[in-house]
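Read top to bottom, the protein sequences are chains A and B.
When the letters of the first sequence are read in order and numbered with this note's numbering, they come out as residues 5 to 64.
When the letters of the second sequence are read in order and numbered with this note's numbering, they come out as residues 90 to 487.
Beta carbons: idealized from backbone N, C-alpha and C, even for Gly.
Working notes, beginning with the structure itself.
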Amino acid sequence: MLKVHRDICGYCGCCVSVCPEGALELIDAYLSVEENCTSCGVCAKVCPLGALEVVNEKQV
Amino acid sequence: MKNRYDVLIIGGGPAGAFAAKTAVEKGLSACIVEKRPAIGAPVRCAEGIGKEALLEFIEPDPRWISAEMTGATIVAPDGFVMQLSSKMAGSKVGYVLDRKFFDRELVWKAAEAGADVAVKSRASAPIIENGVVKGAKVDYCGKVTNVHAEVVIAADGVESKFSKWCGIDTTVPVREIMSSVQYVMTGIDIDQNSTVFYLGNEVAPEGYLWVFPKGPRTANVGIGISGKKSGVGHRAKDYLDKFVQKTFPHGRTIEYIPGGVSVCRPLECTVADGLLITGDAARVVDPLTGGGIYNAMYTGKLAAETAADCIGKGDVSKKALMTYDKTWRVSKMGKAIERNYHIKEYLIKQPDTKLNEIILSVSKIDMKEFTTLNLIKEIIRVNPKLVLELGALAASLR
Chain A
5 MLKVHRDICG YCGCCVSVCP EGALELIDAY LSVEENCTSC GVCAKVCPLG ALEVVNEKQV
Chain B
90 MKNRYDVLII GGGPAGAFAA KTAVEKGLSA CIVEKRPAIG APVRCAEGIG KEALLEFIEP
150 DPRWISAEMT GATIVAPDGF VMQLSSKMAG SKVGYVLDRK FFDRELVWKA AEAGADVAVK
210 SRASAPIIEN GVVKGAKVDY CGKVTNVHAE VVIAADGVES KFSKWCGIDT TVPVREIMSS
270 VQYVMTGIDI DQNSTVFYLG NEVAPEGYLW VFPKGPRTAN VGIGISGKKS GVGHRAKDYL
330 DKFVQKTFPH GRTIEYIPGG VSVCRPLECT VADGLLITGD AARVVDPLTG GGIYNAMYTG
390 KLAAETAADC IGKGDVSKKA LMTYDKTWRV SKMGKAIERN YHIKEYLIKQ PDTKLNEIIL
450 SVSKIDMKEF TTLNLIKEII RVNPKLVLEL GALAASLR
C-alpha cells in the first residue's frame, strides 16, 4: 500500500496529476489517499521530494 | 457564499480570478471557491512572464513585480554561455512576479467587480443532473453546501480533480509531468536583470534548471525534470541540491517550493455539458517553457465570455460551449502550445552533444522582439539541418 511520509511531503499535488485512479487528493496541506489506490507506484516515482513509498502491509 | 450562481469557479489562481472578473463584468453572478486558506500561497511557480503577455491582461504594478528582465541566458550542457538580449538595450522583455501578491490582486479585482470569494472551501464533488454539470458540493470547515450554477468553470490547477469527477480523463502521463522543486534563495551572486536556464542531462534530464531573479542577490532557483527520469536518489530535489551546493554554496534558502508542471498536450476536449476547463487543469501549459500564467488568464477570461454568451442564449450544452474549445485551439496560445509541444519532443530526445552544438551556433543573437518563437526561428536559421529534422513543423515557423 501507499505510505505518505508526511514529514517529507510538500503537498504540491504533483502526484495527484499522474494518479491514473484519481485516488489521491490534496486537501490544503494534507495528501489524502483514497481506497481505490492500487499501489501502482507512479506517484512515488514522480514525487520531487520522495515523500511517497509503496510498502507491503506489514511495514505500515 | 450563496446556494446558486450563474457561474461557479473552482480555484482562485489566475484562471479562476479572470474567469470570475469577466463573468461579473458580463452581468453574471459568480463565485470563486478556493480550497486553500489563502489566495496565492503556497506559490507553485517560477513566476516568469513575458512583458507583452502580461500587458495584454494587466498593467504592471510594483507591488507584485519582483524584478524586471532585460535578457536571458542559456547555459549549455558543456558550460557554454549564450546571452540573449533585446535589440533595444535596457528594454524590458519580461517580469518575475510575486505570485502571492499577484494572485491576490487578481482575486481582489474580481471581488471588487462583484464576484463572491470563498476560501478554505473545497469543491469535493460535482452536482450532476441528467449528465449535465450543475454545480458542486463545497466543503467549508466540515460543513457541506450544495452550490448550484448554470456553468461550472474548473480552474483547479495541476492537481485538478473536478473534471476527473465529471468523467474527463485529466491524468498526466508520467513522462510529461515535470517533477519540480524551487528554492527562493538570497545572498547569491546573480545578474539581477536576466533569467538563466541550464540545460543538460546531467543538470536536469528532459527539463531545465532555472535562476529567475527576484531582486538584489535573490532568485527563484528551481528545476523541473521529467517524471520518467525521477526516482530514488535522482529526484528533482537531488539535482537541485547538487547544483546549489556547487553554484550557490553560501546562499540562504528562504522558501522551499515543490511542484508539478504538465508538459503534455492539452486535454482532448476542454468542455462538457455545463462545464468549462481552464488553465493548468486543461493542461494548457506551454510544453517547452512550462509557463502557464498567461495561458491561465487567457483561458479563464475566454471561458467566462463563452459562459456568458451561452447562458444568455439559454444553452450550456457541450455543443454550445465548444466555442470556447475551438477558439483557444486556433488562438495564438493554442498554436504556440502545439508548435512548442513538437519542439519539446524534439529537444528532449537530443543528447548533450547535440544541445551544445545548437546553443553554440546561436551564441550571440540580437532579437528585435524577444520571444521563445523568435529564439527558435534563430536556432533554425543558423542550423538549416534542423529544418529536415523538425520536418513539417519548421514550415510553420517561417
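Beta-carbon spacing of residue i, residue j below 8 angstroms
| i | j | result |
| --- | --- | --- |
| B:L356 | B:I257 | yes |
| B:V261 | B:C353 | yes |
| B:G224 | B:N235 | yes |
| B:I242 | B:A392 | yes |
| B:M267 | B:I216 | no |
| B:Y345 | A:G17 | no |
| B:S252 | B:T259 | yes |
| B:N309 | B:A127 | no |
| B:I312 | B:L288 | no |
| B:G203 | B:V113 | yes |
| B:K209 | B:Y229 | yes |
| B:L186 | B:I147 | no |
| B:G368 | B:G349 | no |
| B:K390 | B:A200 | no |
| B:V240 | B:G363 | yes |
| B:V166 | B:E248 | Going by the sequence as given, residue 166 of chain B is Pro instead of Val. No. Outside cutoff. |
| B:V263 | B:K189 | no |
Chain E within 8 angstroms of residue i, Cβ atoms only
| i | result |
| --- | --- |
| A:V37 | Here chain E cannot be found, since the structure's protein chains are A and B. |
Residues bridged to residue i (per DSSP)
| i | result |
| --- | --- |
| B:I217 | B:V222 |
| B:G313 | B:S269, B:Y297 |
| B:D205 | B:C120 |
| B:T234 | B:V227 |
| B:T32 | What is shown of chain B runs 90 to 487, which leaves residue 32 of chain B out entirely. |
| B:M274 | B:A308, B:T342 |
| B:S210 | B:Y229 |
| B:P347 | B:V270 |
| A:L28 | A:V37 |
| B:R93 | B:H237 |
| B:G137 | B:V185 |
| B:I98 | B:I121, B:I242 |
Three-state secondary structure (DSSP) of residue i
| i | result |
| --- | --- |
| B:L364 | strand |
| B:Q172 | strand |
| B:R152 | coil |
| B:I432 | helix |
| B:C120 | strand |
| B:Y328 | helix |
| B:V240 | strand |
| B:D167 | coil |
| B:K303 | strand |
| A:K7 | strand |
| A:E57 | strand |
| A:G45 | coil |
| B:I465 | helix |
| B:A127 | coil |
Option nearest residue i by Cα separation, candidates the options
| i | options | result |
| --- | --- | --- |
| B:A130 | A:A27, A:S43, A:H9, A:A33 | A:A33 |
| B:D245 | B:I447, B:L365, B:L144 | B:L365 |
| B:Q281 | B:T159, B:D404, B:F146, B:E427 | B:T159 |
| A:P24 | A:K7, A:A55, A:I12, A:E38 | A:E38 |
| B:L173 | B:C255, B:E427, B:V451, B:V374 | B:V451 |
| A:V22 | A:E57, A:G45, A:A55, A:G54 | A:G45 |
| B:D95 | B:L464, B:C399, B:T442 | B:C399 |
| B:H323 | A:K49, A:N60, A:E57, A:V58 | A:K49 |
| B:V59 | B:K402, B:A425, B:G363 | Any question about residue 59 of chain B goes unanswered here, given that chain B covers just 90 to 487. |
| B:V122 | B:M274, B:Y297, B:A106 | B:A106 |
| B:F337 | B:G368, B:Y272, B:G349 | B:Y272 |
| B:I448 | B:V222, B:G276, B:E467, B:A371 | B:E467 |
| B:V182 | B:G403, B:L464, B:V170, B:E141 | B:E141 |
| B:V300 | B:V333, B:E265, B:A108 | B:V333 |
| A:I12 | A:V59, A:L53, A:E61 | A:L53 |
| B:R428 | B:P473, B:T395, B:N463 | B:N463 |
| B:F286 | B:V170, B:I163, B:K115, B:K303 | B:I163 |
Residue i: CB within 7 angstroms of a non-hydrogen atom of the ligand FAD
| i | result |
| --- | --- |
| A:L28 | Summarising the ligand content, the structure contains no ligands, and the ligand FAD is consequently not present. |
| field | Every unbroken alpha helix (DSSP H) inside the region 381-456 of chain B [4 residues or more] | value | 382-402, 407-419, 421-437, 441-450
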